[in-house]
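Notes for the one structure printed next.
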Amino acid sequence: MKSLNIGMIGYGFMAKAHSNAYLTVNNFFKLNHRPVLKAVCARNEEAVRAFADTWGYESVETDWRKLVARDDIDAIDVCVPNNLHKEIAIAAATAGKMILCEKPIAMNAAEGEEMCAAVEKAGVPNIVWYNYRRVPAVTHAKNIVDSGNLGRIFHYRANFLQDWTIAEDLPQGGNALWRLDVKAAGSGVTGDLLAHCIDTAIWLNGGIKDVSAMTETFVKQRMHTETGKVEEVGIDDACAFLCHFNNGSLGLFESTRYARGHKALYTFEINGEHASIRWDLHDLHRLEYFDHRVEGPMRGWRSIHVSDSDHPYMSNWWVPGLNIGYEHSFVHQVADFIKGIESGQPAAPTFRDALETQKVCDAVLESGKSRCWVDVP
Ligand code: SOE
Numbered sequence: 000m001k002s003l004n005i006g007m008i009g010y011g012f013m014a015k016a017h018s019n020a021y022l023t024v025n026n027f028f029k030l031n032h033r034p035v036l037k038a039v040c041a042r043n044e045e046a047v048r049a050f051a052d053t054w055g056y057e058s059v060e061t062d063w064r065k066l067v068a069r070d071d072i073d074a075i076d077v078c079v080p081n082n083l084h085k086e087i088a089i090a091a092a093t094a095g096k097m098i099l100c101e102k103p104i105a106m107n108a109a110e111g112e113e114m115c116a117a118v119e120k121a122g123v124p125n126i127v128w129y130n131y132r133r134v135p136a137v138t139h140a141k142n143i144v145d146s147g148n149l150g151r152i153f154h155y156r157a158n159f160l161q162d163w164t165i166a167e168d169l170p171q172g173g174n175a176l177w178r179l180d181v182k183a184a185g186s187g188v189t190g191d192l193l194a195h196c197i198d199t200a201i202w203l204n205g206g207i208k209d210v211s212a213m214t215e216t217f218v219k220q221r222m223h224t225e226t227g228k229v230e231e232v233g234i235d236d237a238c239a240f241l242c243h244f245n246n247g248s249l250g251l252f253e254s255t256r257y258a259r260g261h262k263a264l265y266t267f268e269i270n271g272e273h274a275s276i277r278w279d280l281h282d283l284h285r286l287e288y289f290d291h292r293v294e295g296p297m298r299g300w301r302s303i304h305v306s307d308s309d310h311p312y313m314s315n316w317w318v319p320g321l322n323i324g325y326e327h328s329f330v331h332q333v334a335d336f337i338k339g340i341e342s343g344q345p346a347a348p349t350f351r352d353a354l355e356t357q358k359v360c361d362a363v364l365e366s367g368k369s370r371c372w373v374d375v376p
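Counting from 0, one number per residue, gives the positions in the sequence shown under numbering that gives the first Met the number 0.
This is the structure:
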C-alpha cells in the first residue's frame, strides 16, 4: 500500500466532505494507495488547527505557497473560493503535485484554459469535484443512456433550487458568504449550482451548442463583511436558460437561491424516444424510469431503488437495499481518482472536462446580459 499525501487548502464545508472521503475510502474500496491527511492550510491559524484536530491532519500551514512547496505532499486539494483556484492550481502543477479542485474550475473559461495548460504541461493527474456524477443513481442513469436504451433523446431538463439568500440584510463576502461576492465567486447560481447541472448534462447527453439565458439579481446591494460598506451585488441570484445539445435535443435549466422551501433541490429528467428517466437529489438513491415498450396496463413509471449489488458502486457498501448518501459521492470520487492514477486512465471530470462546463457557464452569463442566443465556443 502506497501513501497518497494530501495537502488540503481550506477548512469549510467542502473540506469536510473531502476529508471524510479520504479517511473512508480504503475501508470500502480495494486500492493500492491510501490517502494520508498530511497537512491542512488556511490563513486563520486557530481555525485551521481546530480543523486539523477534528479530522486528524498531521500538520498545519498558514501560507498555501509553503504547502505547495513541501516535498512530503503528493496532492493538493483546492477547497477555497473560486478566485483563488487558478493561482493555486498553476503553482501546484508547476511543483509537480496532483490536483483535486473544487467546482467550478475557475472564475471563467480564460482562467480555466490556463489551468488546463499548466496541468497538461506538468503531466499531473487532475480532477474537479463535480460529485453528483458519482451518486449511484446518477451513474446508473449514465449507464442506461450509454446503452442506447432511451433511443433518440429529445429533452433534457434540470433544476437546482435553493432559498438561503432571500433575506435582504444577509451580507456578502468573507468566509461564510463569499458565494455572494462576485469578486470571490465570479458568478452566482450559474457557477455554483447550474455548473453541477451542466456537468451532469454534458456527461449524460453530450456537448451543448448554444444557449439563451435570463439572469436576475433580486437584492441589488448588500453589506460587505470585509469592507463594512454597502456594495453592489454582482452575482446572479437566479438564472434560467434554454439550449441546444449537439445531439439535437433541447435543454431547459433553472437555478435560483430564491425558491422558498427548497434547500438543495437538484433534479434532472431526460426524455427519449423509447424511455425517460428522472432523478431528484432529495431522494438520491432512486432513479425513476418509464419504458414505453412495456405493453399493456402495467406500463408506467418505475422507481428503481439503486441499492443492489449490481448497481454502480453499491457492492462496496452494505447489503442490498441499504441506502448510502451525499457524502458517499465524494468517497466514490476519491476511489475513482486513485484508480485513475493506478491504471493510467484518468478519472473524469479532468480540468479539461470541467472547462467545457465553464464555457457553457460563460455563454449563459453573456446571454443573460446581451439577451441574445450565444454559441458555446
Ligand atoms: C451552495 O449552497 C452549495 O453548497 C454549492 O456550493 C455546492 O456545490 C452544492 O453541491 C450544494 O450547494
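For glycine and all other residues, C-beta sits at the position ideal for the given N, C-alpha and C.
In this text, all values refer to a predicted model and were calculated from it rather than measured experimentally.
Exercise for review: Tell me whether Glu101 is buried or exposed, calling it buried when 16 or more other Cβ atoms sit within 10 Å of its Cβ.
Suggested key: The residue labelled residue 101 in the question sits at position 102 within the sequence shown. Result: buried.
Check your understanding: Helix, strand or coil for Phe28 per DSSP?
Key -> Reading the sequence shown from its first residue, position 29 is the one you call residue 28. Coil at Phe28, not helix or strand.
Review point. I think Thr61 touches Glu44, with their Cβ atoms under 8 Å apart; what is that distance to the nearest whole Å?
Key: Here residue 61 refers to the residue found at position 62 when the sequence shown is read from its first residue. Here residue 44 refers to the residue found at position 45 when the sequence shown is read from its first residue. So it is a contact: roughly 5 Å between Cβ atoms.
Review point. Are the Cβ atoms of Asn315 and His154 separated by less than 7 Å?
Key: Within the sequence shown, the letter at position 316 stands for residue 315. Within the sequence shown, the letter at position 155 stands for residue 154. Cβ atoms of Asn315 and His154: not closer than 7 Å.
Review point. Start and end of the beta strand (DSSP E) containing Gln220?
Key: Stepping through the sequence shown from its first residue, residue 220 is reached at position 221. Gln220: member of the beta strand (DSSP E) spanning Gln220 to Met222, first to last residue.
Check your understanding: Where DSSP assigns a beta bridge to Gly250, which residues make up the other side?
Key -> Numbered from 1 along the sequence shown, position 251 holds the residue referred to as residue 250. According to DSSP, which records beta bridges pairwise, Gly250 is partnered with Tyr155 and Cys242.
Point to revise | C-alpha gap between Cys78 and Ile276, whole angstroms | key: Within the sequence shown, residue 78 is the residue found at index 79, counting from 1. Within the sequence shown, residue 276 is the residue found at index 277, counting from 1. If I take the Cα positions, the gap works out to 33 Å.
Practice item. To the nearest angstrom, report how far apart Cys371 and Asp309 are at their CA atoms. Key: Mapped onto the sequence shown, residue 371 falls at position 372. Mapped onto the sequence shown, residue 309 falls at position 310. Computed Cα separation, rounded: 46 Å.
**Study point:** With 16 other Cβ atoms within 10 Å as the buried cut-off, status of Thr138
**Key:** In the sequence shown, the residue the question calls residue 138 occupies position 139. Under this definition Thr138 is a buried residue.
Practice item. Could you name the residues that DSSP lists as bridge partners for Lys1? Key: One-based indexing of the sequence shown puts residue 1 at position 2. Answer by DSSP bridge pairing, in chain order: His32.
Check your understanding: Asn19: which of Gly11, Trp54, Thr189 and Leu3 sits nearest, CA to CA?
Key -> As a first step, residue 19 must be located in the sequence shown, where it is residue number 20. Selected option, being the one with the closest Cα: Trp54.
Practice item. Could you round the C-beta distance between His331 and Arg133 to whole angstroms and report it? I think they count as a contact, below 8 Å. Key: Taking the first residue of the sequence shown as 1, we reach residue 331 at position 332. Taking the first residue of the sequence shown as 1, we reach residue 133 at position 134. Indeed they touch by this definition, with Cβ atoms about 4 Å apart.
Practice item. Compute every distance between the C-beta of Ala263 and the non-hydrogen atoms of ligand 1, then say whether any falls below 6 Å. Key: Residue mapping note: residue 263 aligns to position 264 of the sequence shown, counting from 1. Yes, ligand 1 has a heavy atom inside 6 Å of this Cβ.
Check your understanding: Would you call the CB atoms of His223 and Glu230 closer than 7 Å?
Key -> Here the question's residue 223 lines up with position 224 in the sequence shown. Here the question's residue 230 lines up with position 231 in the sequence shown. The Cβ-Cβ distance between His223 and Glu230 falls below 7 Å.
Review point. From Tyr10 to Pro103, what distance separates their C-alpha atoms?
Key: Against the sequence shown, residue 10 aligns to sequence position 11. Against the sequence shown, residue 103 aligns to sequence position 104. Cα to Cα, Tyr10 sits roughly 18 Å from Pro103.
Exercise for review: Determine the burial state of Tyr325: buried for a count of at least 16 other Cβ atoms within 10 Å of its Cβ, exposed for fewer.
Suggested key: Along the sequence shown, one-based indexing puts residue 325 at 326. Exposed is the call here.
Check your understanding: What is the rounded straight-line gap between the Cα of Leu280 and the Cα of Thr266?
Key -> Translated into positions along the sequence shown, residue 280 becomes position 281. Translated into positions along the sequence shown, residue 266 becomes position 267. Spanning the two alpha carbons is a distance of roughly 6 Å.
Check your understanding: For the candidate residues Leu192, Leu99 and Arg259, whose alpha-carbon lies nearest to that of Asp162?
Key -> What you label residue 162 is simply residue 163 of the sequence shown in a count that begins at 1. Ranking Leu192, Leu99 and Arg259 by Cα distance to Asp162 puts Arg259 first.
Review point. Of the residues Met106, Pro135, Asn81 and Ala105, which one's Cα is nearest the Cα of Val305?
Key: Residue 305 sits at position 306 when you count from the first residue of the sequence shown. Of all alpha-carbon atoms in Met106, Pro135, Asn81 and Ala105, the one lying nearest the alpha-carbon of Val305 is that of Pro135.
Check your understanding: According to the Cβ coordinates, are Asn4 and Asp71 closer than 7 Å?
Key -> Here residue 4 refers to the residue found at position 5 when the sequence shown is read from its first residue. Here residue 71 refers to the residue found at position 72 when the sequence shown is read from its first residue. Yes; because the gap between Cβ atoms is below 7 Å, this pair is in contact.
**Study point:** Environment of Ser440 [buried if 16+ CB atoms lie within 10 Å]
**Key:** With the chain represented from 0 up to 376, any question about residue 440 goes unanswered, as that position is not in the structure.
Review point. Looking at Val363 and Val375, is the spacing between their C-beta atoms short of 7 Å?
Key: Here residue 375 corresponds to residue number 376 of the sequence shown, with the count starting at 1. Here residue 363 corresponds to residue number 364 of the sequence shown, with the count starting at 1. No, Cβ-Cβ distance for Val375 and Val363 is not below 7 Å.
Practice item. Out of Ala175, Ala353 and Ile75, state which residue places its alpha-carbon closest to the alpha-carbon of Phe12. Key: Position 13 of the sequence shown holds residue 12. Comparing C-alpha distances from Phe12 to each of Ala175, Ala353 and Ile75 shows the shortest one belongs to Ala175.
Check your understanding: Looking only at its own chain, which residues have a Cβ that is under 8 Å from the Cβ of Val232, when we skip the five neighbours before and after it?
Key -> Here residue 232 refers to the residue found at position 233 of the sequence shown. For Val232, where only same-chain residues beyond five positions count, the Cβ hits under 8 Å are Gln171, Leu179, Val181, Thr216, Val218, Lys219, Gln220 and Arg221.
Review point. CA-CA distance, Glu287 and Trp278?
Key: For this step, residue 287 is matched to residue 288 along the sequence shown. For this step, residue 278 is matched to residue 279 along the sequence shown. Computed Cα separation, rounded: 6 Å.
Check your understanding: Enumerated in chain order, which unbroken segments of the beta strand (DSSP E) with a length of 3 residues or greater are wholly contained in the stretch 101-169?
Key -> Here the runs fully enclosed are 125-127 and 152-160.
Check your understanding: Which of the three DSSP states, helix, strand or coil, is assigned to Asp307?
Key -> Here residue 307 refers to the residue found at position 308 when the sequence shown is read from its first residue. In this structure, Asp307 counts as coil in the three-state DSSP scheme.
Review point. What's the gap between the Cα of Gly111 and the Cα of Cys238?
Key: As a first step, residue 111 must be located in the sequence shown, where it is residue number 112. As a first step, residue 238 must be located in the sequence shown, where it is residue number 239. Distance between the alpha carbons of Gly111 and Cys238: 22 Å.
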